[in-house]
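Engineer: Just passing along the structure, written as structure tokens.
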Amino acid sequence: MRNDNLFPDDFLWGASTSAYQVEGAAEEDGKKLSQQDILNNNPGFADTHVTSDHYHRYKEDIALMKELGLKSYRFSIAWSRIFPEGAGIANDKGVQFYHNLIDELLKNGITPIPTLYHYDMPMALIEKYQGWINRQSVADFAYYAKFVIKEYGKKVRYWLTINEQSIIVQFWTKKCFIPEQYLHDEQIKYQINHHMNLAHAIACKLVHQWVPNGLVGAALGYSAIYPLTSKPEDNLAAQNANDLRNYYFTDIYLKGHYNQSALIYLQNHGLAPSIEAGDMDLIKEGYSDFLAINYYCSHAAAAVPKNVPRRMDGFNPTGVKGQIDGHEIQPDFYQIHKNPHLDTTDWDWTIDPIGLEYLLRDLHTRYQKPLMITENGFGADDYLESDKAIHDEYRISYIEQHLNAIKRAMNYGVEVLSYNPWSFIDVLSTSNGYKKRYGFVYVNRTDDEIKDLARYKKDSFYWYQNVIQTRGGSLTKP
Ligand code: BGP
């Protein structure tokens, strides 16, 4: 066992954002709306039109990244900024924006890690054929991906394909614009996922074809899943949950086939995707070079009593601990429970650094591929003091514990390339607006008031800066 406390010299210390949550300018310079400009427009919260105004302030933001010491920045490219109609003629100003962003990053010694798709399908394609539900989406994604990969491929080595297919399946009606008539047809979400698997494979092939030394993988939302008790049936339920929630995705990306138990479960329940001839060959050809993980929390699973209806994962809309509105149930397979051994954030997300260590070890054993962390972070209603300080010691503690967990996994031989916590700067939350912040940099706005959007460094900014400078040497070990 290697006991070196320091992270490797070439470790990519980063941070993360996504286009529609940080850029603003939702309808500027030729960009047209994406489905998230509609879906993420929650009453009582900010909408996507301004968010953190990164579109106009990217230079100021990259100067802050440089000051923080970032070696990588994981962001996403907005499909509807490049192709406002989803396909057809590219929007020059949108194309130029990402050139400017990438050039500015490179100038400052920061490795760009773009994601091709972060929930934001162009509305034009929803209007045309209902988006990902329709197989035509795969061809249009391929057209977009080819353009983007060829356009920026000389400057960008690491590519992420699709953000969080697992979360898209789990919260399909929030992450995809689903027409009324399909809202109760749960097979659709597995069909959408199948189309995304094809899109992912095509993007992997394009990176291998067009990017010299290019490396590509998906960014998967991933929770470690434990058995709630040591009862054998709960252990089996945890295995079922891992198969359906985790390996159903990772087996596709890294082995080129659907996880068998999960697929049989879906077939038995009338939920399996329809798969056309040639699809599985394409999926095999589009192999991933690494797997990127978005990790926030773990789950506990137990056996499910008979005749309990299916339901999706719970959600806490208020930020008052304990107000989560239930947990996922898969009839005859498993149900998720609150883990009595773990504390949670105010939004009822468990805090479990060991879960990250556990899943890194598990994924390494199963697939032996390099791993990357593309999200991990602590959402909180941060407070701006009168002297403009933000004392976010809870975030420091969370990230410190997770970095220690990553290092322990690395000491057991797991290859982790990069750590990109969510988020570099405060962004619009997918569900809780600006009431739930994650950034190292505070943005002076609220949901109701845009204010001056000034940037203030939180305590976690200075703390992370020191961690990066010392290659992890300054981390307090448990
Ligand atoms: C992930 C998404 C991000 C981000 C994060 C935090 O699932 O990829 O886009 O928002 O979760 O979630 P939330 O904003 O709901 O707190």
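For the sequence shown, the residue numbers in our numbering are 738 to 1215.
No residue lacks a Cβ here, since even glycine has one placed at the ideal position from N, Cα and C.
Source: prediction; values computed, not measured.
1) Counting beta carbon pairs with one atom in the region 972 to 979 and one in the region 889 to 896, are three or more of them shorter than 8 Å?
2) Does the Cβ of K911 lie closer than 7 Å to at least one heavy atom of ligand 1?
3) Once DSSP output is grouped into helix, strand and coil, what is the label at P849?
4) Which ranges does the beta strand (DSSP E) cover as unbroken runs of at least 3 residues, wholly within the region 882 to 927, from first to last along the chain?
5) Only counting the same chain, and skipping five residues up and downstream in sequence, which positions put a Cβ closer than 6 Å to that of N1203?
6) How far does the beta strand (DSSP E) with H1036 in it extend, from its first residue to its last?
7) Go through the region 1017 to 1087 residue by residue and report every complete run of the alpha helix (DSSP H) that reaches 4 residues or more, in order.
8) Give the straight-line distance between the Cα atoms of P1054 and Y1120, rounded to the nearest whole angstrom.
9) Ordered along the chain, which non-local residues of its own chain (more than five positions away) have a Cβ less than 7 Å from that of G958?
10) Which runs of the beta strand (DSSP E) at least 3 residues long sit entirely within the region 774 to 844? Give them in chain order.
11) May I ask you to list the residues that DSSP assigns as paired with W1159?
12) Can you name the residues that DSSP bridges to E1112?
13) Where H994 and I1187 are concerned, what is the direct C-alpha to C-alpha distance, given to the nearest angstrom?
14) Assign M852 to one of two classes, buried (16 or more other C-beta atoms within 10 Å of its C-beta) or exposed (fewer than that).
15) Taking C-alpha atoms, which residue in I819, I1133, Y927 lies nearest to G767?
16) If you compare alpha carbons, which of V1178, A762, K1021, V953 is closest to A800?
17) Buried or exposed: where does K1195 fall if 16 or more other Cβ atoms within 10 Å of its Cβ makes it buried?
18) By Cβ distance, which residues of its chain are closer than 8 Å to E765, with the 5 residues on each side in sequence left out?
19) Shortest alpha-carbon distance to D1050 belongs to which of Q1072, I1020, A961?
20) For E788, count neighbouring Cβ atoms within 10 angstroms of its own Cβ and tell me buried if that reaches 16, exposed if not.
21) In whole angstroms, give me the CA-to-CA distance for S1160 and D857.
22) In chain order, what residues of the same chain lie with their CB nearer than 7 Å to the CB of W869, ignoring the 5 residues before and after it?
23) In whole angstroms, give me the CA-to-CA distance for I814 and A756.
Structural biologist: According to the data block:
1) These segments do not touch.
2) Outside the cutoff, so no.
3) It is a strand residue.
4) Taken in chain order, the unbroken stretches of beta strand (DSSP E) that lie wholly in the region 882 to 927 and span 3 residues or more are 895 to 900.
5) Its chain contains S1211 as the residues whose beta carbon lies nearer than 6 Å to that of N1203, once the 5 sequence neighbours on both sides are disregarded; these appear in chain order.
6) Start and end: 1036 to 1039.
7) Counting whole runs of 4 or more residues, the region 1017 to 1087 contains no alpha helix (DSSP H) stretch at all.
8) Across the structure, P1054 and Y1120 are spaced so that their CA atoms are roughly 19 Å apart.
9) The residues are E901, S903, I904, N1031.
10) Runs of the beta strand (DSSP E) inside the region 774 to 844: 809 to 813.
11) In the DSSP output, where bridge partners are listed per residue, W1159 has S753.
12) Looking at the DSSP assignment, E1112 forms a beta bridge with N1031.
13) Cα-Cα distance, rounded: 47 Å.
14) In the sequence on display, residue 852 carries Thr and not Met. Classification for T852: buried.
15) Taking each of I819, I1133, Y927 in turn and checking the Cα distance to G767, the smallest one comes out for I819.
16) Answer by Cα proximity: V1178.
17) So K1195 counts as buried.
18) Setting aside the 5 residues that flank it on each side, E765 is surrounded in the same chain by Y792, each with a C-beta closer than 8 Å to its C-beta; the list follows chain order.
19) A check of alpha carbon separations from D1050 across Q1072, I1020, A961 identifies Q1072 as the nearest.
20) One detail in the question is off: residue 788 reads as Thr in this sequence, not Glu. Its Cβ being crowded by 16 or more others within 10 Å, T788 is buried.
21) Cα-Cα distance, rounded: 18 Å.
22) The residues are M858, C913, I929, H932, M933.
23) Straight-line Cα distance between these residues: approximately 6 Å.
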